[in-house]
Structure formats: C-alpha cells, structure tokens
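There are 4 protein chains.
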Amino acid sequence: MRALVKVSAGPGMELRDVPVPQCGPSDALIRVHYAGVCGTDLHIWEWDAWASARLRPPVVIGHEFAGEVAQLGREAQAAGLLSVGDLVTAEGHIVCGHCLQCRIGESHLCHRTSIIGVDRDGAFAEYIVMPASNVMKLDGIPPEVGAIMDPTGNAVHTVLQGGMATGGRVLIIGCGPIGCFAVGVARAAGASLVVASDLNPKRLELARAMGAHVTLDARTDDVPARMHELTGDDGADLVCEMSGHPAGHATAFAAARLGGRINLLGTPSRPTEVNFARDVIFKGLTLYGVTGRRMYDTWDVMRRFLASGQLDPRPVITHRFPLERMADAIQVIKDGQAGKVILEIGA
Amino acid sequence: MRALVKVSAGPGMELRDVPVPQCGPSDALIRVHYAGVCGTDLHIWEWDAWASARLRPPVVIGHEFAGEVAQLGREAQAAGLLSVGDLVTAEGHIVCGHCLQCRIGESHLCHRTSIIGVDRDGAFAEYIVMPASNVMKLDGIPPEVGAIMDPTGNAVHTVLQGGMATGGRVLIIGCGPIGCFAVGVARAAGASLVVASDLNPKRLELARAMGAHVTLDARTDDVPARMHELTGDDGADLVCEMSGHPAGHATAFAAARLGGRINLLGTPSRPTEVNFARDVIFKGLTLYGVTGRRMYDTWDVMRRFLASGQLDPRPVITHRFPLERMADAIQVIKDGQAGKVILEIGA
Amino acid sequence: MRALVKVSAGPGMELRDVPVPQCGPSDALIRVHYAGVCGTDLHIWEWDAWASARLRPPVVIGHEFAGEVAQLGREAQAAGLLSVGDLVTAEGHIVCGHCLQCRIGESHLCHRTSIIGVDRDGAFAEYIVMPASNVMKLDGIPPEVGAIMDPTGNAVHTVLQGGMATGGRVLIIGCGPIGCFAVGVARAAGASLVVASDLNPKRLELARAMGAHVTLDARTDDVPARMHELTGDDGADLVCEMSGHPAGHATAFAAARLGGRINLLGTPSRPTEVNFARDVIFKGLTLYGVTGRRMYDTWDVMRRFLASGQLDPRPVITHRFPLERMADAIQVIKDGQAGKVILEIGA
Amino acid sequence: MRALVKVSAGPGMELRDVPVPQCGPSDALIRVHYAGVCGTDLHIWEWDAWASARLRPPVVIGHEFAGEVAQLGREAQAAGLLSVGDLVTAEGHIVCGHCLQCRIGESHLCHRTSIIGVDRDGAFAEYIVMPASNVMKLDGIPPEVGAIMDPTGNAVHTVLQGGMATGGRVLIIGCGPIGCFAVGVARAAGASLVVASDLNPKRLELARAMGAHVTLDARTDDVPARMHELTGDDGADLVCEMSGHPAGHATAFAAARLGGRINLLGTPSRPTEVNFARDVIFKGLTLYGVTGRRMYDTWDVMRRFLASGQLDPRPVITHRFPLERMADAIQVIKDGQAGKVILEIGA
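These protein sequence lines are chains H, X, V and L, in that order.
Counting in the numbering used here, the first sequence runs without a single skipped number right up to 347 at its last residue.
Counting in the numbering used here, the second sequence runs without a single skipped number right up to 694 at its last residue.
Counting in the numbering used here, the third sequence runs without a single skipped number right up to 1041 at its last residue.
Counting in the numbering used here, the fourth sequence runs without a single skipped number right up to 1388 at its last residue.
The structure is reproduced here in structure tokens:
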C-alpha cells in the first residue's frame, strides 16, 4: 500500500510502498478514506526538537482519519460491536489500561500512551490497524467530518472542562483549526457570548463562519478591554487559550473574570512569566491543561453534537489534497492561509 | 480604648487611645479577647509597596480575632442570632452582596471587598464593630482558637478546594502558620499521606506536631523525587503551595501527579517562569488561586472540624504578647522563630 | 391602590382598594406592569388543604411580576444598584440569610423563607414592596418576559441541576408552562435531543413551539419505549418530571438510562409507590427535588439565556387579562386550554 | 479442586470436586486464600425468586475473595502488572467495555455485566480464573481484608458519592457488615459526626467498634428526632440507607437535612410509598442508588484508606469457617448473630 513515511531522522516525508499492516486478534484493519493534517504533522515534517526527540523512524505519519473497516481480528469480531464495511474513526491514543490515571477515568493522561503517527504507524496510508476498542462507528456522521474528530475532540475537551460553557461568556484566543472548532463547540454548548481573537483576518473569518458573536483582531484591538466591555465589565467566565503564545497567556489572565477559568490547549515553545499573585491568586482563577480527549466522554458528547447538527466543523476545512501532494499541504499550513487541511486517500 | 494604629504613611504602628467605635443598626460591637498576627500585619508594619498603595491611615490594624459581643444594633438584635455575651469570631472580608461574584456564591472574590485592619478599622484594639452577618458564634470552640479561624480558614479553603484531599496524597509546600494548619486540615479531611516541606527545621517540627506523616527539608531533600518515591512513582494528587516562592512553584509542578491539582495560597512578590507545555498542559494539571475563605462553606466545615476535635490548630501557636508588645511580636515573626503569634487583649 | 386580596379563609379573591405599601430603608417600591398567574394561585383561589394550612388572610396574592422602580429606601439607594425608573423583576423568596442553607449557597431551601403572595403581600396589585437585594434589573429583557422569570427560573433550575443537559438526551414529562419553558431551556443549554410528553395536545403544541424535537402523547404513546428507541436503546440522560403524577414518576424511572438523572419539580398530591431496588439502586439513578430557583446562579444564567435570545418563553403565553378579570384567568387555567396566563396591570 | 457448587435449581450448595479452571490468554488463575460470605450468597443458598430467575446451575458460588496468583495468561504476563505469587483481590463485575456506561466512566452500571459466583464460576473454590484487568495487588493489605474489599468497596461508594462525607454529619441506617464498614469509611473520610442505627444490639456494638460516635436502637430511639438533636436541628448531611426496609426509607427522609443527600444501598424486597412533595421536592434532597463499586476510583481510594490504616474492617469479621462448613456459615448469618463471615480456603 502507499503511505507517507518518515524514513529517517531529518525533514520531510516520503510516499512509499509498504506492506499492509497485520490485523491482530483484537484489532480492526481500516481502509482510510480521509485524514486530517495537524500542526503536529508540521513539526514532524520539519523535524523540530520535539519530533527528533520523540520519533523513531521509519514510521508512517498521521493520526486524524476516518475510513471503513476492512478486516476484524477474532476477538474484535466476537465483541460484536464492529462489522466489516462500517464507516469509523478512532481515538489515536492507545493507553495502558492499568495505571492510576487509566483506572480513575483519566486515561487521556496515561504515561504509557502510544500515539498513532508518532509512536507507531499512522493514518497517512491506505490502511491502518487500530485496537478495536479505540474505534468508533460514524453512525451517519460524514467521513470527512469523521477524519477531523480528533482535533474537534480537543476543542470539545477544552470548551467543556469545568462546566462553564453553558450560558457562559467565552473568549477563544487563537483561531487555528482547533480554536475555530472551539467556537462551534461553545455555541453548541449554549454559551451566551463567544468572542474569538487572532492576528490573522482569514482565521477570524473562519471563526465567524463557526458562529463567533464577536471577533477581535489582536493586532489592533485591546482584547481584555473589549472582553470587559462586552460583559458589563465582568470579564470572561471561560478563556480557551489555543495560541500557545505568552501574549495569549497575558491576554487570558487579563480577560478572565474574578473566579473565572482558563483552559489551556495551545502548547508554547518557551516559558511564560506568570504573576501568580495578581493574575491567579487574587483573581481566584482556575487553570487547566488540556491533553487529548477524555476517553471517552469527550467522544460521546462530540458524537451527539455532530449527529444532531448542533456542531458542523466543515466550514473550517479549506484545503484538500491527495496523499502525493503532502508537500503542498504542509506549505499552505506554513503560509497561514489554511484552516483545516485534509488528505483524500481512499474515499 | 487602646488600639494599635497605623497613624500615618511609614513603618511601625502606635498604641493609641481612640474612641470605642459606634455600633450601627445591623452591627455587633465586640470586645476583643485575642487577636492573631498575620504576615499581612508584618507588611503593614514594614510599610512595603503593597501596604503603602492600599492603606489610608489612620487605621486600626488587625483582622484575626475572637471576643465577646458587647452590644448589638437594633436590626442585629431583631435577627435573633446573636446575644450580648456570646463568644464569637468573624469573617473579616465585608462584601457588597450584589456583584456577579456575590450573587453566584463566590463572594470571597467580590471586587468591592473591604477588609478589617486594612481598608477599615481592625481588631488590634479593645473593641471592634462588625456587620452582624459576618459574626459567628464559637459554640464551645476556645477563644484563642477562634482568634485564628481566619488563617485556619485559608488552610481549609486551600486543602478542600477541588475535592482531592480525602484519601489523597498531599504535599504542603511551606510550613508557615497556614501551611501547618493545612497539614492538620488534610489529616482531618482523610488524606492518606501528608508530606510537608520547608527550609526551616522549627517549622517542620510544627508540621509534624500537626500530623504530617513525612517532613522534608527543602535544603537537602529533593522534594519532587521524594514525593514520587512515597507514592509508587505517581506523585502528589494535591499540592498546596503556601510558600509563594518561584522555587515552590517549580517543586509543585514537578511533584504533582498527571491529572493532579495545585492550589496556590502563597503570594509571590515577583513573577515565576512557567513552562506551560511541559508542566501544565502535558500533565493535565489544574491550578487554583486561593483568596480568603469561601463564604461561608469554608467556615461551616471548619467549625465542624474544630468542634469535633478532628482539627486542633493550637500546637502552631508559639508566642503570645500583650498589645503593647507588638514590636516584639513583629520581631519573632521576622526572626523566623515563630509559628503563630497571638495578642492577648481582653481575655 | 387596587389589589387582588384573599380577604378571608375560603375560595376566591377580591379586587380591593388597599393602601400602597410602605417602602422600608432597604426596600424598593415597584409599580407592577405585568404579573404571571401560577398553579399556586389556583390552589389559593380554590382554598385547598395546602392553601388553608399556609395562608393567613388578608393577603395580596401573586408572586410572579415585573415592573418599574417607583421609590427606593435610604440604604437601597446608597447601595447604588437600582434607580427609580429601572425596569425590574424579583426573586419572590425572601430568605433569612443566617441558617446553614443560606450560609452554604442553598438559600432556596432556607426554612425561614417568606414568599410574596403567600406569606406576605404579593404582586397582583398596582404596587409591591420588595427587599432591594431580591430585585434584579431587566437590562433590556421585555417586561412581559420579566413577569415570568420566576417560573422560567424553576425550569432553568430543573434542567441544569446536575450538569446533564449539555449534549444530553432530555425527556420532559408534563408540558404545563414550566415544562414548556424547560423545553426551551434544554435547547438553549445545548441538549442534543429534547422529547416532551403530555396528555394534552394543546400543550404538546406549545412544547413544539418551544423547540421540542419530538413530542409524545402519553395517552397513546409508550413514552419509555419511544425514549429508548430515540436513543439507541440507552434511555434519557436527564428526565425532568414536571407533572407531579405517580404515572409521571413511573415513566421517569422507566425512561431514564442506567446512571441517568431525574429532576423532580411537579409536586404530587399523593404518595407514589417506588421500587427502589429495580428503579433506583440497580439503575444507579440520581433523583433531585427542585425547590424554587438557586439564589442567584439560576437567575444569572437565565438572564444570559434571555438577553442573548437563546431562550424566548413568549410562545408559551396564551392569555392576558386585566386585574379585574382574575376569575377568567383562573377559568382558562382550570379548563386546561391555557399555556401561561399573565395579568396586565400597569404596563 | 474442591468447590461449593449450586448443582441444580433449588436450595443449598454442594462441596464437589471440579476441574481447576482454564487460564485464558488475558486471565489470571488465582489460588483462593479467603472468601467472604455475602447476603447474596444466602439468597442463592435459599434459592429465592431473584436467585432462581438469575442463576443457571451448575455454577461455583462466591464473589468476595483474596488469594495468590498461580498462573498468568500470555497477554496478562506481557502487560507486566502481575507476577505469579502476588497476593491479590479482584473486582467481581466483568464488564463489556464498550457500552455508553463503560465509555463514560460508569462501567459499574454496564448492562452486560457478568458477576462471578452468580453468572459465572466464583470464588468458593480452591482456584478461580479472572480477567487480569479485574485483579489488583494487595501491596501489604492483609489477605483476610483483601477477601472483603468487595463489600467494603460498596461502603466506600455509598459514603463518598456526592462528596458530603468530609466534615459531614452522617447517619448510617442498618448495621449489617456493609453498614459497619460504612461507619469506618465515614470516619476515615473525615466525617465530623457518624451516627449508626439498627434494631440489633450486636450490630450496634460492631458499629461502635468501627468508630460510630453515636449508636441508636431503632426499636426504642426516635432516630430522626435524635439526629436533629445531635445536629443543632439541621439533620443529617448524608444518610446511607443500608437496611433496604421501607422503615429505613422513612427514617432517611425524615433525618436528612434540607439540601441533604440519601445514598441507597440496601435493596428492598418490596415497594416503598414515597411522598415526593414533602420528602424530596420541598426538602431539595438528592437520592442516589448505589450499585457495586466505581471502577476503579472506589478501589483506588479504598486501597489508600486500608494501606494507611485509616480504615480497618477487621472488627466486623466475627466468624471464620472452612469450605466444608458453609451450612454453618449460612446459619450464623440467618441467626442475625454474625457480622462478616469468611471462609478459610487455602491460606
């Protein structure tokens, strides 16, 4: 089969012919229809410090996908939950099931997690093998949406954690694809005001398409001041920090209301100076670090939002490429012109 | 009456004769028996940047106290909850009752809060006037304990917020009086392991007296490594950061388990560099800034802990002085030799 | 002024001329524009067992209203939150502020509560006096909506308690006015499926107007079976029991999913036989009894839902009468032909 | 091996020689040291309506046990969490892992649960086979305690659900073994008052041995009245209903405070008349039905309580028998003279 492979240490990926992976007794072999390209894939392409420390080439890249069940292992079949031909997506974090975090409902934090497309072969390929327990049927959700449920789930986790979205006044800092999904999730969850900020007018346009009541251009707007204006001087109940920039952190602290909450998803590349006294303690703030998707309550609520039509992430998809044009996909992301980019593989 | 007054901008306080304050219709006039000396009082004595920006002399200092109801205003009497002669303590934060935070059960974060001994006349005096709704009967709790329920309440808020104390493995960083109270609160709340760290052996001794299972000397022990050793390599479920030092923050991040919680009470005097990616996001941590006492659920559970004997903060009291020896009280605190220092006023 | 008064023990009410009530120092005198007629008012009119045990005539009836501030007491004015001329509504439960429940954020359960129109003079009058702290500005919410925020708040409390509405599959049993409001609240809060059941086709029509995805006629539909069909055989995450009938309870138990929740608002007039083993314990259900509105978090989220347009309760208003036609208002309610009935008093 | 087998429909059990069960690839074969006898086993012995409807003989009985790992399947060994020779206990509910409840952290409510000693061969035998993922190491907890962690876990679930135990005033209704364990759990969790009631003086003695502050004899004491007396007329924050009698339900409703919580574990054999208006709605109560143990947060906190010495359930163990004296074990339970009865099998 064809697959995008990080062949050896260094930038780029290669489109190679590799064997179709073996389907173990509790696995599902899935023919990939669509796959999403993520910022992580850009780091892997560029072979930055994180990528070179984590990946052990050769490895097939890609962790966001949807496809069709092509084969089921003996035990997976016996479980009776999947059938050959089912349209599915999957949680790409394969966890140990035995550590403290796995035992108490926090398996998204399992320290033995193996991630597809990073620690083991991934989804930029014609086929992928997954443990059947990580696989979920789409049940009518369109496959191209299925292909981006991994990052949409990050947005669901970020917006819902702490229970402040419903009726809440929410500020989304950073309108990359996950920030834009978060706008839609906040609307679906009944937020009464959704404000989105970014430096990039194209991204703000996507945020508006996803339902932002107000968009702010952080180059020219004083975001915390505007957030206070829009909320009778209270500030935001919930800030979703999706930018990963120290300037985003500063904005988050200044925009959050007394007793508010900041859920942080954007991963900074360098430390931020935090004035804990002024910005956290005297404000009574709660901060929460978002890793992945809660397994599987995040998926459950996301499937409901998508199936009911409360949430439709498709306006964020701006580009589609075949597998052989991965270099172009990487380029549009680097150019900052893209929302979500997906690869059309076997649809 | 005699009172310790910050007479004008600048260091020190003066013991003065001032009029007994007027008891308004919804107020209680209280004859003070004991008062606690707090780090805040030290800042006020020294007239640091915070104090000079906040206080408007002349003002009577002191915000931790217990005493006896001497007089009740008309409406306070009609409410029927207090009687002349009752032994009482009081919440020293007087809040507006109308802002968003006051309306939704977060009045400890009211931005119009007026604090006794800071924004209005306080308790280092023979009498103090309080709104009756801030006053609580001791119902058998000893008055010298009543005098330190304000800081003990800070510890209750810090330990209980987030619900991770019961059965939890708790690390207390910083064993000043509130850190030591937190040790006792964690034990009362059913923590399965309470570890306390400090640089000062006398303080570690007080932490042991309050029930710490293990004390660590941060000068010689690798606190995060020891915390992992003591927890089968999981780390702390809950870290109470009571030191306010950047080194305490670093220890807290390193010692907390994946999915753990850090409740921050110690107020730093300068910013801390935070590696949000490594220390918050990938760890799935929750951080929470502690201001004051929740009004009044913190008080309710504290009263129960004290009345049942589950919690006894008295081992932390190391020094007692009369009002006229305030300079000595300040000195023992500055020397780092003291646990909790109380003033004996009218007992 | 004119007022509807329960003059003495027995059925009916009388339209009388009574003195305008006195505005105390911390009160607001409000000129009533609109008032809502509630099932409770019907009980009072009919003088049933509950009414005769509770009311002490003479008393002005009515507890749902909106109007305009006509006068402020000295302290209410000093607080600076209200001005003469403000359009307002009010929480009709006047609580003690001092009991355990008031202290820990559950003042809707204060056992010393005094209710307007029941325990003290109410709102079916040209003027009413309220403690200013119970009064809330409408800030652009239409006054006829303001007049029904009390029962809409009951619906908000019922739907949101326990956090299962967002993304949830919700069954509303009983489509009287509060049931219909609950349909709209569930939609506003991001429920993915809202099913409403009643015996009365007119009420089901109102439920549809408020956004129910599916309405079931309990005379002909097997409600639990249909709920399971609509949810892939899971059952309802949340059941709002608004009927107060034993048959409604039976439906609720059968329709709720394993681990689901039943919030009960409808007050039955007789006991229900409950099979705790089968229906509560083996199903792992949570049941919650709804009294009033949480003070004031329910009001805060309701105001946001109404101000943002996420919730509009006006389709439920079916009849409007002047004060002198109260007998007609009572009659349309008894006939089962009405949704919400409001009195136009001084608009 | 020797095993107690329900050979066919009808009362009693037989001690038989049966083959040692086969250890599958992801299983652990455990040599049983001790096993606990449960009320469920009595129902099975007596062959009551529930038992005859549920069991499909022949089946080895027994679901509470501890023992030593004798053999590990290939995958269980590869997982690296268990070794031959480990002392262990196990969760006896084997769940599907795929249903809604399993996916959202409520697998104790999985409707495909298979229970050892009921739906598949159990632990009253020299050996038992369990899925390795259900097995937990004792890590120093004595094996006779390990043998009763299943019912102790029921008590942990009952006491901790809803977060009202810490600092709470708790009433335990019914002092059978799980009620007595609940007394100890409430003390471990930091309850400020633990009151236990029963009709049987021997059981009240066990409750006192487990740390009850007050025991009430329901034959002579007015339990709700005494509970109000002991709490300044507030009533209980948390009632644990462990009796399963309608009289216990009535007591629970009357003893709970406004806004309190009733967690129900005792499974009644017949319906209870509930006055929802008076007892649930106007009181703002929360009721919760307890099934099994939360998987695995209940186990995690229980292991901590036991390992730290905060909880020691051994005073409740009153009788020990060898496997061949099962009839005697059943008899002491029926006589009401027993606390917890354990079988000594291969220790």
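Where a beta carbon is used, it is the ideal one built from N, C-alpha and C, also for glycine.
Test item: CB-CB of residue i and residue j under 8 Å
i: VAL348/H; j: GLY117/H; result: Because chain H here runs from 1 to 347, residue 348/H falls outside it and cannot be looked at.
i: THR925/V; j: GLY840/V; result: no
i: GLU68/H; j: ILE30/H; result: yes
i: ASN423/X; j: ASP364/X; result: What sits at residue 423/X in the sequence shown is Ala, not Asn. No.
i: THR860/V; j: THR166/H; result: yes
i: ARG1355/L; j: GLU1385/L; result: no
i: PRO715/V; j: ARG768/V; result: no
i: CYS717/V; j: VAL823/V; result: yes
i: LYS977/V; j: ALA950/V; result: yes
i: ARG863/V; j: SER886/V; result: yes
i: VAL879/V; j: VAL917/V; result: no
Terminal residues of the alpha helix (DSSP H) in which residue i lies
i: GLN1401/L; result: Outside the shown range of chain L (1042 to 1388) lies residue 1401/L, about which nothing can therefore be said.
i: GLU588/X; result: Here GLU588/X belongs to no alpha helix (DSSP H); instead the beta strand (DSSP E) covers 583-588.
i: ASN501/X; result: 496-507
i: LYS687/X; result: Here LYS687/X belongs to no alpha helix (DSSP H); instead the beta strand (DSSP E) covers 687-691.
i: LEU1328/L; result: Here LEU1328/L belongs to no alpha helix (DSSP H); instead the beta strand (DSSP E) covers 1327-1330.
i: LEU389/X; result: 386-393
i: LEU311/H; result: Where LEU311/H is concerned, there is no enclosing alpha helix (DSSP H), given that its DSSP letter is neither H nor E.
Segment limits, beta strand (DSSP E) that includes residue i
i: SER197/H; result: 193-198
i: ARG1019/V; result: Here ARG1019/V belongs to no beta strand (DSSP E), and DSSP marks it neither H nor E.
Cut-off 8 Å between Cβ atoms - residues of its own chain near residue i, not counting five sequence neighbours on either side
i: ASP564/X; result: SER544, ASP545, LEU546, PRO548 and LEU551
i: GLY162/H; result: LEU238, ARG261, ASN263, THR286 and TYR288
i: ALA307/H; result: ASP139, GLY140 and ILE141
Closer than 8 Å to chain H by CB, residue i
i: GLN855/V; result: no
i: PHE528/X; result: no
i: TYR1337/L; result: yes
Chain V within 8 Å of residue i, Cβ atoms only
i: HIS1084/L; result: no
i: ALA1322/L; result: Note on residue identity: the sequence assigns Ile, not Ala, to residue 1322/L. Judged by the 8 Å Cβ criterion, ILE1322/L is in contact with chain V.
i: HIS504/X; result: no
i: HIS440/X; result: no
i: LEU428/X; result: yes
i: HIS575/X; result: no
i: LEU1234/L; result: no
Neighbourhood of residue i by C-beta distance below 7 Å, restricted to the same chain and skipping five residues each side
i: ILE178/H; result: PRO151, ASN154, ALA155, MET242 and LEU265
i: SER114/H; result: ILE94 and ARG120
i: GLY85/H; result: GLU68 and VAL69
i: THR267/H; result: GLY244
i: ALA694/X; result: HIS380, TYR381 and PRO490
i: CYS449/X; result: VAL442, CYS443 and CYS457
i: HIS1149/L; result: HIS1134, THR1332, GLY1333, ARG1334, ARG1335 and MET1336
i: TRP739/V; result: PRO705, GLY706, MET707 and ILE1024
Interface residues of chain C facing residue i [CB-CB closer than 7 Å]
i: TYR635/X; result: Looking at the structure shown, chain C is missing, and the protein chains on hand are H, X, V and L.
Residue-chain proximity (residue i, chain L), Cβ-Cβ < 8 Å
i: GLY105/H; result: yes
i: VAL968/V; result: yes
i: VAL648/X; result: yes
Residue i at chain X interface by Cβ criterion, 8 Å
i: HIS805/V; result: no
Own chain, CB closer than 6 Å to residue i, minus 5 neighbours either side, in chain order
i: GLY1163/L; result: VAL1101, ILE1102, GLY1103, HIS1104 and ILE1157
i: PHE124/H; result: LEU4, ALA35, ILE61 and GLY62
- Hey, which unbroken runs of the alpha helix (DSSP H) at 4 residues or more fall wholly within the segment 891-965 of chain V? 895-903, 917-923 and 940-949
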